[in-house]
Amino acid sequence: MSADQFTLAAQQAATDAQRIVPSVVDLSVELAGLRLRNPVMTCSGTSGYGPEYADVLDLRALGAFVTKSVTAEPRKGNAPQRIVETTGGMLNAIGLANVGLRRFIDEKVPFLRELGVPAIVNVAGHKLEDYLTVCRALDAIDCVAALELNVSCPNVADGLEFGTDPVRLRQLVSAVRAEVRRAKLIVKLSPNVTDIVAMASAAIDGGADILSLINTLAGMAINAETQRPMLANTSGGLSGPAIKPVALLMVHKVYTRVAKAAGVPIIGMGGIANWRDAVEFMLAGATAVGIGTALFINAGVVSDILAGLQEYLQRKGVARVSDLVGALKA
Ligand SMILES: Cc1cc2nc3c(=O)[nH]c(=O)nc-3n(C[C@H](O)[C@H](O)[C@H](O)COP(=O)(O)O)c2cc1C
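In case it helps, this note's numbering puts the sequence shown at residues 7 to 336.
Given below as structure tokens:
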């Protein structure tokens, strides 16, 4: 073999080595010190407190389980009709129906304790004290890995959402931060704002460990025959594939403009229905992904996404799913 042939052969071998497909890919991710077996979790409010879905969903396959919103006092929620199917999605106006803090601790926490995957409890309220009461109590429960603040709730004082004013959001997050010592603090951003980056900055300044986005987009549906709103509440929150492009852009903006530099991980959600969607959110900057509306359509969606992710990583020769985070090319 001539020297040139040898060099060519060596170069070819090096290229082949780069293409070697890892047989086992690492699906684990880390969110501000919280280690997850994989990046797929539920979206709050789309699988109750867990037991309701335990027969149809393999909750143990998840990276983490996220509960529906818990408030200080029990809530009945809005009057029916509370859900309407729309093109490529659905509108819901559940109105934070939940059993309240006391029953949550007594009746729901035992299930979460045995679940075998990190439990994230979503917390909502209509005044600052509500959030403080719930977060303080849940921070004392060791099986609650993280608290996710749902800030898309109107404040009783003025009817404005905490999540639409950066000053108010920062105040809320820093007050909660002062009380939460053990659990990770996630702030779930509302997309119903002009500047999502300003809201993300406010949450980070207030002390958020992790951001999740997006919550539902405000919308309504009208029945042309009855000439009435289809939801008893008139307006509701839009979710499902229809909102995916909006969610992706918001994740991308928040990651590139503030979260990456601050070292604050993102849980991306909004219309994710398959592994390809999950990959897109991770490329845009999400470290983990939430699956919500898709659970109502395909109970096997979580295992489908995990299998698809694995196959994608192998095909691309990527050893760790975390290598996808923010890897979007220009
Ligand atoms: C029926 C339903 C109930 C929801 N309840 C809550 C809730 O209690 N708290 C919350 O923070 N988000 C709630 N959400 C919003 C979801 O957690 C998620 O942010 C949103 O639906 C976008 O994800 P998706 O398109 O995958 O559903 C709810 C969504 C749906 C569809």
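Where is the CB? At the ideal position from N, CA and C, for every residue including glycine.
If you're wondering where the values come from, they're calculated on a predicted model, not measured in any experiment.
Quiz item: So is A23 buried or exposed if we call it buried at 16+ other beta carbons inside 10 Å?
Solution: Note that A23 has pLDDT 46, beneath the 50 cutoff, so the model's placement of it is unreliable and no number is given.
Self-check item: Exposure of R176, with buried meaning 16 or more beta-carbon neighbours within 10 Å
Solution: buried
Exercise. Out of M226, A227 and A265, point me to the one whose CA is closest to A214's CA.
Key: A265
Quiz item: Quick check: the segment 252 to 270 against the segment 295 to 303, are there 3 or more CB pairs under 8 Å?
Solution: no
Quiz item: How would you write the range of the beta strand (DSSP E) that K190 sits in, first residue to last?
Solution: K190 to K194
Exercise. Identify, in the order they occur along the chain, each residue of the same chain with its Cβ nearer than 6 Å to the Cβ of K114, setting aside the five sequence neighbours on each side.
Key: Y55
Practice problem: Give me the Cα-Cα distance between R41 and R142, rounded to the nearest whole angstrom. | Solution: 23 Å
Quiz item: Is A253 near ligand 1, going by C-beta to nearest heavy atom under 8 Å?
Solution: yes
Exercise. Identify whether E79 lies in helix, strand or coil by the three-state DSSP scheme.
Key: coil
Quiz item: Are the beta-carbon atoms belonging to N198 and N156 less than 9 Å from one another?
Solution: no
Exercise. Grab me the residues of A99's own chain with a C-beta within less than 6 Å of its C-beta, minus the 5 sequence neighbours each way, in chain order.
Key: N84, R88, L237, N239 and G242
Practice problem: For K349, count neighbouring Cβ atoms within 10 angstroms of its own Cβ and tell me buried if that reaches 16, exposed if not. | Solution: Within the shown structure, residues of the chain are numbered from 7 to 336, placing residue 349 beyond reach of any answer.
Quiz item: Mind checking whether V193 and A209 have CB atoms under 9 Å apart?
Solution: yes
Quiz item: How long is the line joining the alpha carbons of Y137 and A130, rounded to whole angstroms?
Solution: 6 Å
Quiz prompt | Own chain residues within Cβ distance below 7 Å of F110, not counting five before or after | solution = V76
Practice problem: Pick helix, strand or coil for V27, following the three-state DSSP scheme. | Solution: For V27, the predicted model reports a pLDDT of 47, less than 50, meaning its position is unreliable; a value from the coordinates is still stated below. DSSP places V27 in coil when its eight states are reduced to three.
Quiz item: Just checking my contact of A325 with D61 at CB under 8 Å: how many whole Å lie between their CB atoms?
Solution: Their Cβ separation, rounded to whole angstroms, is 35 Å, which puts A325 and D61 out of contact at 8 Å.
Quiz item: A146: buried (16+ other C-beta within 10 angstroms of its C-beta) or exposed?
Solution: exposed
Quiz item: From E185 to L312, what does the alpha carbon distance come to, in whole angstroms?
Solution: 36 Å
Quiz item: Helix, strand or coil: how does DSSP classify G225 here?
Solution: strand
Exercise. Could you check which residue in A230, L217 and G95 has the C-alpha nearest to that of A294?
Key: L217
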